[in-house]
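Protein chains: 2
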Amino acid sequence: MKRANEETTENDNKKRRTAEEHNKTNVPVPVHHKILPSIFGILPIDDSINVISKFLEGHLGTPNIEIEGKLGKIMDNNTKDRVYLPVQSETVLAADFRGIRFVSDMTMDQHRNYNQILNKLVNDGNKPNVKTAFFSYRHIHQIDSFYQVPGHKEKLRLSTDKTNSQVINFIKKVNIGHLNIYLPNSPLDLRISINIEEKMDQSLIKDVEANYERQKDRLSYKSHALQIDLTQVHEPNTDKKIHELEIELDSQLLNHEKLKLKDKQTHEQSQYYNILTLFMNSLRMLARSG
Amino acid sequence: MKRANEETTENDNKKRRTAEEHNKTNVPVPVHHKILPSIFGILPIDDSINVISKFLEGHLGTPNIEIEGKLGKIMDNNTKDRVYLPVQSETVLAADFRGIRFVSDMTMDQHRNYNQILNKLVNDGNKPNVKTAFFSYRHIHQIDSFYQVPGHKEKLRLSTDKTNSQVINFIKKVNIGHLNIYLPNSPLDLRISINIEEKMDQSLIKDVEANYERQKDRLSYKSHALQIDLTQVHEPNTDKKIHELEIELDSQLLNHEKLKLKDKQTHEQSQYYNILTLFMNSLRMLARSG
Numbered sequence: 001m002k003r004a005n006e007e008t009t010e011n012d013n014k015k016r017r018t019a020e021e022h023n024k025t026n027v028p029v030p031v032h033h034k035i036l037p038s039i040f041g042i043l044p045i046d047d048s049i050n051v052i053s054k055f056l057e058g059h060l061g062t063p064n065i066e067i068e069g070k071l072g073k074i075m076d077n078n079t080k081d082r083v084y085l086p087v088q089s090e091t092v093l094a095a096d097f098r099g100i101r102f103v104s105d106m107t108m109d110q111h112r113n114y115n116q117i118l119n120k121l122v123n124d125g126n127k128p129n130v131k132t133a134f135f136s137y138r139h140i141h142q143i144d145s146f147y148q149v150p151g152h153k154e155k156l157r158l159s160t161d162k163t164n165s166q167v168i169n170f171i172k173k174v175n176i177g178h179l180n181i182y183l184p185n186s187p188l189d190l191r192i193s194i195n196i197e198e199k200m201d202q203s204l205i206k207d208v209e210a211n212y213e214r215q216k217d218r219l220s221y222k223s224h225a226l227q228i229d230l231t232q233v234h235e236p237n238t239d240k241k242i243h244e245l246e247i248e249l250d251s252q253l254l255n256h257e258k259l260k261l262k263d264k265q266t267h268e269q270s271q272y273y274n275i276l277t278l279f280m281n282s283l284r285m286l287a288r289s290g
Numbered sequence: 001m002k003r004a005n006e007e008t009t010e011n012d013n014k015k016r017r018t019a020e021e022h023n024k025t026n027v028p029v030p031v032h033h034k035i036l037p038s039i040f041g042i043l044p045i046d047d048s049i050n051v052i053s054k055f056l057e058g059h060l061g062t063p064n065i066e067i068e069g070k071l072g073k074i075m076d077n078n079t080k081d082r083v084y085l086p087v088q089s090e091t092v093l094a095a096d097f098r099g100i101r102f103v104s105d106m107t108m109d110q111h112r113n114y115n116q117i118l119n120k121l122v123n124d125g126n127k128p129n130v131k132t133a134f135f136s137y138r139h140i141h142q143i144d145s146f147y148q149v150p151g152h153k154e155k156l157r158l159s160t161d162k163t164n165s166q167v168i169n170f171i172k173k174v175n176i177g178h179l180n181i182y183l184p185n186s187p188l189d190l191r192i193s194i195n196i197e198e199k200m201d202q203s204l205i206k207d208v209e210a211n212y213e214r215q216k217d218r219l220s221y222k223s224h225a226l227q228i229d230l231t232q233v234h235e236p237n238t239d240k241k242i243h244e245l246e247i248e249l250d251s252q253l254l255n256h257e258k259l260k261l262k263d264k265q266t267h268e269q270s271q272y273y274n275i276l277t278l279f280m281n282s283l284r285m286l287a288r289s290g
């Protein structure tokens, strides 16, 4: 086996010895060792974030792209229970993992807990010299009506503000793909989704009746790079309420930072991986608090 | 649902608006948004490192404890191939995962590559103002002889320096436990082990012959908090050579920092999680380079 350049090491050792000997005559100074993030001095990008980055690749430039992360449970279709894998830490499931579905729901207690956590963030973020993110929020009462229109595979969604009946938007939401992330040490798992939200013309539903509608009571917390929506969904004709928490990434900002990454001149300033880390760590910490 | 304190948010929004309006009269200043590690402003401890920390708990104070991480492959006993799990990112396997074994070996090319990477670290670490860790190294030619002695379940190991026949140590190595870490995006997986290395009295083997011996050609790279051993193991009577890379953690230092963590006065200064992060990230980055 080959050794490293011996001379350099010897010289440096001599330098260190001299420094130590010199010190003996003075007051003893404890050697301060800074613990590095790795022997290479850098923090490696974590494996899950690498997978998410690859998953987003090729879609980021697409117009009207929506990137969102949801809290919920990965359910086993056979056992009707949360899926079990023989692992004891976070992992992204394989794309061809069959027999599972993601249920974007939680208990009312969990929902209430998230409400408190997020309200605290809004309050804390307004104090001077805090380390948490700045959040603004809105309370939205919204009705989503779904229409089946010939020539469109996906149902079209008309969202109106319940308080003044004004149309918020009319879109077709097409799913591009999902990533299911199993969190065996958290009460909730994660799903990252890419969708295209295409704006549609309202004349399409002039003479069409809605198939069904959903009422949404939503607290929307907005911060730089992301928006957190805590929503209670009520489907009429049932008493059941679904409780959802999702984080939507600012996909335009992310794409902008991705382009910086590709350019040698701007590579160093790119916030691409920092934004993905903020997104993923926020989802992880919220899932742990569930 | 409950809203966060509205007044605070309104006040802050006013402040922000005022700042923006004021700015209109002067040169436009781009708003600088620092991307936080999470919405809570802190970096969560990663899930694998949490599992390792729990695994070490209760053993750290034990005398003569050895904590090491090895590169290799988790093999499926049935397929005789590397194990397959339907996941696409790092995960720690469950403790009761059956039908697998960890093979601490690599190709000669991988070994040569690690030799170059580690030699470069030694050279780089000696340059002024570098970000990588400082490493010293030694080249060791060692013979390990194994003895079966009545009253001891484990074989006793006598290590001697091949160059001068001096005894390096005589120990009984008892394994306490393993953690297998599956890395589907790396050519090699990881195993973290806890062992107790108990020093034995040489009189025990006065009239005993060694069962077998192993020759080790080892490059040992020492840094603060850890030591990396790159070893070629040769078992006599066979032509086969095994190539190993392992990182040993300074368990006394880790225990010292763990105790700091438990004391309110020293909690903030503790390097416990930083040392585990250095250990794990170094193993991850080396596994990726394999």
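Chains as they are written, first to last, in full-length UniProt numbering: chain A, 1 to 290; chain B, 1 to 290. Idealized CB from N, CA, C, for every residue including glycine.
Is the CB of A/V174 under 9 Å away from at least one CB in chain B?
no
Which ranges would you report for the beta strand (DSSP E) in the region 91-130 of chain A if only whole runs of at least 3 residues count?
100-103
A/E248 in three-state terms, based on DSSP
strand
Using a Cβ-Cβ distance cut-off of 9 Å, determine whether A/F135 contacts chain B.
yes
Going along the region 251-275 of chain B in order, which residues come within less than 7 Å of chain A, judged by CB to CB distance?
Q271, N274 and I275
Quick check on A/S38 - is its C-beta less than 9 Å from some C-beta in chain B?
yes
For a cutoff of 9 Å on Cβ pairs, would you count B/I35 as touching chain A?
yes
Residues that A/P187 contacts on chain B, provided the C-beta gap is smaller than 8 Å:
Within 8 Å Cβ-Cβ: nothing; A/P187 doesn't reach chain B, min ~14 Å.
Does B/V92 pass the burial test, meaning 16 or more other C-beta atoms within 10 Å, or should it be called exposed?
buried
Would you verify that the beta carbon of A/T132 is, or is not, closer than 9 Å to some beta carbon of chain B?
yes
Taking buried to mean at least 16 other C-beta atoms within 10 Å of its own C-beta, is B/I180 buried or exposed?
Inspection of the sequence shows that residue 180 of chain B is occupied by Asn rather than by Ile. The residue in question, B/N180, is buried, as its Cβ has 16 or more Cβ neighbours within 10 Å.
Is it a yes or a no for the region 79-93 of chain B touching the region 198-212 of chain B, going by three-plus beta-carbon pairs under 8 Å?
no
Would you check if there are 3 or more beta carbon pairs closer than 8 Å linking the region 244-260 of chain B to the region 168-182 of chain B?
no
For B/L259, which of B/Y273, B/M280 and B/V233 has the nearest alpha-carbon?
B/Y273
Quick one, which of A/I247, A/H243, A/I176 and A/T231 has its alpha-carbon nearest A/E57's?
A/I176
Return no unless some Cβ of chain A is closer than 9 Å to the Cβ of B/S89.
yes
Bridge partners - A/S145, DSSP secondary structure assignment:
A/L158 and A/E213
For a cutoff of 9 Å on Cβ pairs, would you count A/E20 as touching chain B?
The pLDDT assigned to A/E20 is 41, lower than 50, so where the model puts this residue is not dependable; a value taken from the coordinates is nonetheless given after this. No, A/E20 does not count as interfacial toward chain B.
A/D46 CB to nearest heavy atom of the ligand SAM below 8 Å
With respect to small molecules bound, the structure shown includes none, and the ligand SAM cannot be examined in it.
Distance, Cα to Cα, A/K240 vs A/Y212?
15 Å
Is B/F40 helix, strand or coil when you go by DSSP?
coil
How about B/I49 and B/M280: do their beta carbons lie closer than 9 Å?
yes
If you follow the beta strand (DSSP E) that B/V233 is in, where does it begin and where does it stop?
L226 to H234
Top-ranked residue by Cα proximity to B/N77, from B/F97, B/G69 and B/V87:
B/F97
Residue(s) in a DSSP beta bridge with B/R218:
B/I140 and B/T231
On the DSSP bridge list, what partners appear for A/H152?
A/H152 is not bridged to any residue.
According to DSSP, A/V87 sits in a beta bridge with which residue or residues?
B/L93
Suppose you measure from the CA of B/L43 to the CA of A/P44; what does that come to, to the nearest Å?
14 Å
Given this structure, state the Cα-to-Cα distance separating B/E198 from A/L245, to the nearest angstrom.
53 Å
Which of the residues in the region 40-56 of chain B, read from start to end, lie with their CB under 8 Å from any CB of chain A?
F40, G41, I42, L43, P44, D46, D47, S48, N50 and V51
Quick one: does A/N77 have its CB under 9 Å from some CB of chain B?
no
Does the beta-carbon distance from A/K54 to A/F102 come in below 9 Å?
no
Could you round the C-beta distance between residue 354 of chain A and A/R138 to whole angstroms and report it? I think they count as a contact, below 8 Å.
Any answer about residue 354 of chain A is impossible in this case: the structure gives chain A only from 1 up to 290.
Chain A contacts from the region 200-228 of chain B (Cβ-Cβ distance under 8 Å):
D217, L219, S223, H224, A225, L226 and I228
Are A/V149 and A/S136 closer than 9 Å when you measure CB to CB?
no
Interface partners of A/R101 on chain B, CB under 8 Å:
Simply none; closest approach about 15 Å.
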